[in-house]
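Chemist:
Numbering (our numbering), first residue to last: 70 to 371.
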């Protein structure tokens with residue numbers, strides 16, 4: 070979270086409001102609360118945390134731009150357009166909150182599962198390292214060639230299969246007129262939740278042996294990643310606004326990780342389970358007590 074925040078918002082954000090590193094994870098854990106029109110006393114944790122993060126961002130946007138020049142260009146451009154239209158710091162912060170969420174929410178949880186799958190799946194680390202090696206032709210301590218990474222079937226299949234197995238995206242709709250679908254009656258004004266995960270783990274609709282992690286399904290059938298039954302980022306108006314960022318950051322993260330480091334699980338820790346007790350809006354979090362220890366050694370050379 071620190072690295073991604075510094076990259077897109079500059080170091081001054083965390084220097085000014087370091088508490089955002091504590092507040093945002095609280096929001097992320099309770100983010101499902103904001104999609105339900107419930108009284109505040111029932112879902113106060115998520116909404117209070119969101120308000121606190123927006124307050125922190127507003128404090129950041131109150132600073133003159135000259136004090137935060139190490140910011141991603143699109144953040145500054147978006148701010149400029151909003152200020153030209155008379156929008157103040159608090160409202161800018163509320164709008165930029167979506168970008169902050171996209172950068173630090175789903176991406177960080179997905180990074181955990183990518184790492185876990187890589188170290189727990191036999192031979193996967195070595196196979197990925199060999200596949201992405203040409204992307205680091207200028208040395209392993211340099212950034213990878215992003216265009217080359219797009220051509221790596223195993224790397225991208227690992228990304229998609231991890232999203233399929235660990236994704237928890239849902240769609241939310243409000244019924245605007247009485248509707249009957251497959252014998253079920255939906256009354257006007259009702260809220261409908263569509264958990265796309267059920268598509269991903271349905272053996273008949275999506276893939277056979279859906280309960281297993283197998284990157285070959287996306288290698289053998291690349292069209293699966295763009296199929297109608299694969300919706301890791303949701304759909305419709307609620308389509309995740311961080312999807313473009315995740316598609317860039319996650320493969321880059323994994324390629325860099327397997328290139329620069331040797332990694333192995335310490336001890337006989339079983340693969341961590343997903344925490345299904347907490348509603349999710351993106352990637353399902355792991356059960357915290359089951360997070361394994363990973364031994365990391367830096368690769369020399371390159």
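Don't be surprised by glycine CBs; every beta carbon is placed ideally from N, CA and C.
The structure displayed is predicted, hence computed values, not measured ones.
Is the Cβ-Cβ distance between residue 301 and residue 236 less than 7 Å?
Modeler: Yes, the Cβ-Cβ distance between residue 301 and residue 236 is below 7 Å.
Chemist: How about residue 270 and residue 279: do their beta carbons lie closer than 7 Å?
Modeler: Yes; because the gap between Cβ atoms is below 7 Å, this pair is in contact.
Chemist: I need the DSSP call for residue 158, collapsed to helix, strand or coil.
Modeler: Of the three classes helix, strand and coil, the one that applies to residue 158 here is helix, per DSSP.
Chemist: The beta strand (DSSP E) with residue 317 in it runs from where to where?
Modeler: It is not in any beta strand (DSSP E) - residue 317 instead sits in the alpha helix (DSSP H) that spans 312-329.
Chemist: Where does residue 79 land, buried or exposed, given buried means 16+ other C-beta within 10 angstroms?
Modeler: Per the 10 Å Cβ criterion, buried.
Chemist: Alpha carbon to alpha carbon, what distance is there between residue 230 and residue 333?
Modeler: Taking the straight line joining both Cα atoms gives about 21 Å.
Chemist: Look up residue 341 in the DSSP assignment and say whether it is helix, strand or coil.
Modeler: Of the three classes helix, strand and coil, the one that applies to residue 341 here is coil, per DSSP.
Chemist: Please report how far the alpha carbon of residue 158 lies from the alpha carbon of residue 164, in whole angstroms.
Modeler: Their Cα atoms are separated by approximately 10 Å.
Chemist: Relative to the C-alpha of residue 216, which candidate in 227, 228, 122, 203 has its C-alpha closest?
Modeler: Answer by Cα proximity: 203.
Chemist: If you draw a straight line from the C-alpha of residue 119 to the C-alpha of residue 369, how long is it?
Modeler: Going by the C-alpha atoms only, they are around 43 Å apart.
Chemist: Assuming contact is defined by CB atoms lying nearer than 7 Å, are residue 340 and residue 189 in contact in what I supplied?
Modeler: Yes, these two residues count as a Cβ contact at 7 Å.
Chemist: For residue 187, collect the residues of the same chain with a Cβ closer than 8 Å to its Cβ; drop the 5 residues on either side in sequence, then sort them by chain order.
Modeler: So the list reads 193, 194, 197, 227, 323, 326, 327, 332, once near-sequence residues are dropped.
Chemist: Near residue 264, which residues of its chain fall below 6 Å by C-beta distance, leaving aside the five closest residues on each side in sequence?
Modeler: These residues qualify, in order along the chain: 239.
Chemist: Taking three-plus beta-carbon pairs below 8 Å as touching, is the region 205-222 in contact with the region 312-323?
Modeler: Contact holds: three or more Cβ-Cβ distances are below 8 Å.
Chemist: With DSSP as the reference, label residue 265 as helix, strand or coil.
Modeler: Reduced to three states, the DSSP call for residue 265 is coil.
Chemist: Does the Cβ-Cβ distance between residue 221 and residue 244 come in under 7 Å?
Modeler: The answer is no: Cβ separation not under 7 Å.
Chemist: Along the beta strand (DSSP E) that carries residue 255, what are the first and last residues, could you check?
Modeler: Per DSSP, residue 255 belongs to the beta strand (DSSP E) from 253-255.
Chemist: In the DSSP output, what is residue 260 paired with across the bridge?
Modeler: Residue 260 is bridged to 243.
Chemist: Which runs of the alpha helix (DSSP H), 4 residues or longer, sit entirely within the region 137-197?
Modeler: Correct list: 142-153, 158-173, 175-189.
Chemist: Taking the alpha-carbon of residue 85 as reference, which of 348, 338, 175, 131 has the nearest alpha-carbon?
Modeler: Closest option to residue 85, Cα to Cα, is 131.
Chemist: Please report the straight-line C-alpha distance between residue 140 and residue 125, rounded to a whole angstrom.
Modeler: Spanning the two alpha carbons is a distance of roughly 16 Å.
Chemist: Exposed or buried, residue 345, counting other C-beta atoms within 10 Å across all chains shown (16 or more means buried)?
Modeler: So residue 345 ends up on the exposed side.
Chemist: Determine the direct distance from the alpha carbon of residue 353 to that of residue 154, and round the result to whole angstroms.
Modeler: When rounded, the distance between both Cα atoms is 38 Å.
Chemist: Residues bridged to residue 280 by DSSP?
Modeler: Bridge partners of residue 280: none, in fact.
Chemist: Output the boundary residues of the beta strand (DSSP E) element that contains residue 367.
Modeler: Where residue 367 is concerned, the enclosing beta strand (DSSP E) stretches over 363-367.
Chemist: Residues in the same chain with beta-carbon distance under 7 Å from residue 177, minus the five sequence neighbours each way, listed in chain order, please.
Modeler: Excluding positions up to five away in sequence, the list reads 70.
Chemist: Is the beta carbon of residue 266 sitting closer than 7 Å to the one on residue 276?
Modeler: The answer is no: Cβ separation not under 7 Å.
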